[in-house]
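Structure first, then comments.
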Amino acid sequence: MRPLPDIAGADAPFWQALRRREVSVQRCAACGTYRFPAARTCPHCRSERSEWTAVEPTGAIETWCVFHRAYFDGLPVPYTVIQVRLDCGVRLFSNPVDVETNALRIGLPVEAGFDDITPEVTLLKFKPRKDVA
Amino acid sequence: MPALSKQSPVAVVGVGHTRYGKLPEYDAYALGLWALTEALADAGLKFDDIDGLIVNRIPDYQRFCEIAGLDPNYVSITPGQGRFSGICIETAAALIRDGLARTIALVYGNNGRSGGERYGGAADTYGSGGGGQWFPYGMSSPGAFHALMARRHMELYGTSPDHLGAVAKVIRAHAALNPAAVMRAPFTLADYHASRFICEPLHLLDYCLINDGGVTLILTSGERARDLAQPPVYLRGYGMATALAGSSFPPDDFWRAPMGKAAAASFATAGIRHADVSTLMIYDNFTPTVLFSLEGFGYCAPGESGPFAAAGHLALGAHYPTNTSGGHLSESYMQGWALNVEAVRQVRGACGERQVKDCAFAHYMAAAPVCTSIIYGREPS
């Protein structure tokens with residue numbers, strides 16, 4: 177079986193938001209810095225006050241790699257992992273959809289693609305934005 | 002014992018290691034003790050001379066001291082991450098200068114090969130709190146982390162697979178001259194390209210080995226070092242800096258900022274320039290790390306490391322012979338420790354066929370979320 181996220185843990189609001197086709201991360205209520213995964217304090221100002229906030233589901237590719245060695249049952253190789261920086265500043269690892277690996281480049285604008293892999297779990301993937309060059 | 006001044010020299014006086022390879026009859030404790038015994042013999046010291054001990058990757062310091070029959074005044078234990086070899090050596094120098102211990106053994110034992118250690122998949126603990134967060138997307142392993150960095154370097158600067166291959170090839174050529182190395186058969190650039198991808202753009206030959214072994218370094222004050230069996234090799238300069246905030250993801254600058262800080266501190270204390278360095282010992286967990294290190298520690302400009310390596314500057318006989326032992330890629334995966342042993346032996350002039358001519362200074366450097374830089378020299382000042 178493919179590896180599944182812990183949807184009931186500290187990041188539960190993130191996983192619940194994906195079911196609603198939203199991207200939600202923690203926002204520091206004191207300084208406004210966004211963070212993910214969940215943490216009790218803000219690494220920028222150390223405030224403990226925070227709220228889960230829907231952010232623009234857009235960002236840009238920073239880099240990528242292609243797995244040829246299988247590390248997980250249920251994830252056949254080759255597959256591509258991308259590093260994405262959301263416009264709110266949060267970084268994520270993910271997989272690309274609707275794009276060939278050889279068309280990836282640094283700075284490629286991407287937007288969320290929601291992948292329902294089980295009745296409970298939606299993964300956040302990314303596809304090239306059609307609305308920007 | 003009075004504390005030494007900050008300028009008092011500290012020296013490596015003993016180095017020792019096990020055989021490298023598959024050693025299923027030894028656990029990490031036994032590998033560490035084997036290496037410690039070798040290092041004591043090398044230095045002409047006895048177990049009772051050790052009054053400081055830092056163990057690395059060995060599971061428990063108390064059990065190690067029970068097994069070895071040691072009661073050091075100072076003891077500590079450090080996690081099995083490669084960045085800790087440099088940290089331990091620099092810490093030992095500070096402890097000796099501060100008078101907490103006089104003669105310190107740094108003991109490393111790694112039975113990862115026989116213990117079935119895995120660096121990717123469900124058991125992967127690389128990075129900040131382990132990488133499990135990203136398993137659903139298939140992201141796992143230190144190799145993939147470095148593949149992401151390598152791809153970015155290629156896109157930004159035109160670094161090519163041939164450049165990575167040049168690093169792997171020259172380090173293997175050096176291993177061919179080292180009887181202790183696990184992998185000694187030289188290969189061509191064509192062989193490199195033919196080796197399978199593990200995590201593209203990285204091939205199998207871009208990855209370090211996984212093998213069993215143990216290493217020990219023994220350090221003491223320069224004053225005491227003069228009376229021992231080997232010519233002292235002095236820690237002429239050292240520095241350390243980190244980039245730990247946000248370190249779940251590859252750094253934008255390939256760790257250039259912390260490498261630059263660590264390098265500047267070590268060169269300032271040593272009072273030398275890069276051109277004075279005779280040989281480089283670069284933490285080579287993966288070939289791209291060697292390129293990032295050449296840039297970050299100041300041997301070439303940002304983005305120029307690929308052509309620099311491909312031009313042959315890292316070979317024995319060139320200006321900066323690099324990883325003359327074969328490093329992690331070809332000698333042994335001793336997480337920085339064996340590279341420090343090689344630095345010491347090069348400065349001693351004890352490297353036989355692979356000896357760098359007139360080796361006055363050897364520079365060990367490690368690029369990671371904790372960057373360390375150590376300059377070894379033949380003279381105390």
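Sequences listed follow chains A and B, in order.
So the number in my numbering is just where the residue sits in the first sequence, counting from 1, plus 176.
So the number in my numbering is just where the residue sits in the second sequence, counting from 1, plus 1.
Beta carbons: idealized from backbone N, C-alpha and C, even for Gly.
Report the three-state DSSP secondary structure of residue i (helix, strand or coil).
i      : result
A/F302 : strand
B/S248 : coil
B/M140 : coil
A/F248 : coil
B/M184 : coil
B/R379 : coil
B/D207 : helix
B/Y127 : coil
B/I273 : coil
B/D61  : coil
B/G110 : strand
B/L292 : helix
B/S374 : strand
B/A12  : strand
B/S222 : strand
B/I234 : This sequence places Val at residue 234 of chain B; Ile is not what is there. Strand.
B/R153 : helix
B/Y133 : It should be pointed out that residue 133 of chain B corresponds to Gly in this sequence rather than to Tyr. In this structure, B/G133 counts as helix in the three-state DSSP scheme.
B/G17  : strand
B/G1   : Any answer about residue 1 of chain B is impossible in this case: the structure gives chain B only from 2 up to 382.
A/M177 : coil
B/S86  : helix
A/L280 : coil
B/P259 : helix
B/C66  : helix
B/A29  : helix
B/E91  : helix
For my contact list, residue i and residue j are in at a C-beta cut-off of 8 Å; report their separation, rounded to the angstrom.
i      : j      : result
B/I59  : B/Y30  : 6 Å
B/D52  : B/R103 : 5 Å
A/V242 : B/E201 : 4 Å
A/R149 : A/E227 : As shown, chain A starts at 177 and ends at 309. That puts residue 149 of chain A outside it, with no answer to give.
B/G81  : B/N57  : 7 Å
B/I88  : B/T373 : 6 Å
B/G83  : B/Q336 : 4 Å
A/K301 : A/V273 : 5 Å
B/T217 : B/G17  : 5 Å
B/T280 : B/P322 : 5 Å
A/D396 : A/T298 : Lying before the first or after the last residue shown, residue 396 of chain A is absent from chain A, which here runs from 177 to 309.
Run through the DSSP bridge pairs and tell me what residue i is partnered with.
i      : result
A/N271 : The partner list for A/N271 (beta bridge, DSSP) is empty, contrary to what the question assumes.
A/F243 : A/Y255, B/C200
A/E296 : None, per the DSSP bridge assignment.
B/D213 : B/G22
B/S267 : Answer is none; B/S267 lacks a bridge partner.
B/G53  : B/Y75, B/I105
B/I283 : B/M366
A/D291 : A/L299
B/Y239 : B/I375
A/R261 : A/A236, A/R267
A/V286 : A/G235, A/P304
Run down chain A in chain order and give the residues with a C-beta less than 9 Å from the C-beta of residue i.
i      : result
B/P251 : E238, T239, Q259
Which chain B residues sit within Cβ distance under 8 Å of residue i?
i      : result
A/F190 : Here the premise fails: no neighbours, minimum Cβ distance about 11 Å.
A/N271 : Y138, G139
A/P295 : Neighbours of A/P295 on chain B: none; closest Cβ ~15 Å, over 8 Å.
A/I282 : R153, E156, L157
A/L299 : P137, Y138
A/L251 : G139
Residues of chain B with CB closer than 7 Å to the CB of residue i, please, in chain order.
i      : result
A/R337 : Any answer about residue 337 of chain A is impossible in this case: the structure gives chain A only from 177 up to 309.
A/L180 : P137
For residue i, which residues in chain A fall below 7 Å Cβ to Cβ?
i      : result
B/A148 : C241
B/I1   : Absent from the model: residue 1 of chain B. The displayed extent of chain B is 2 to 382, so no value can be given.
B/S161 : Within 7 Å Cβ-Cβ: nothing; B/S161 doesn't reach chain A, min ~16 Å.
B/Q134 : P213
B/S142 : Y247
Give the residues of chain A in contact with residue i, contact being defined as C-beta atoms less than 8 Å apart.
i      : result
B/G122 : Y247, F248
B/A145 : C241, F243, V257
B/A246 : P219
Counting only runs that start and end within the segment 179–234 of chain A, where is the beta strand (DSSP E) found for 3 or more residues in a row?
199–204, 226–231
Mind listing, in chain order, the continuous alpha helix (DSSP H) runs of no fewer than 4 residues lying wholly within the segment 308–359 of chain B?
For the segment 308–359 of chain B, whole alpha helix (DSSP H) runs of length 4 or above, ordered along the chain, are 338–349.
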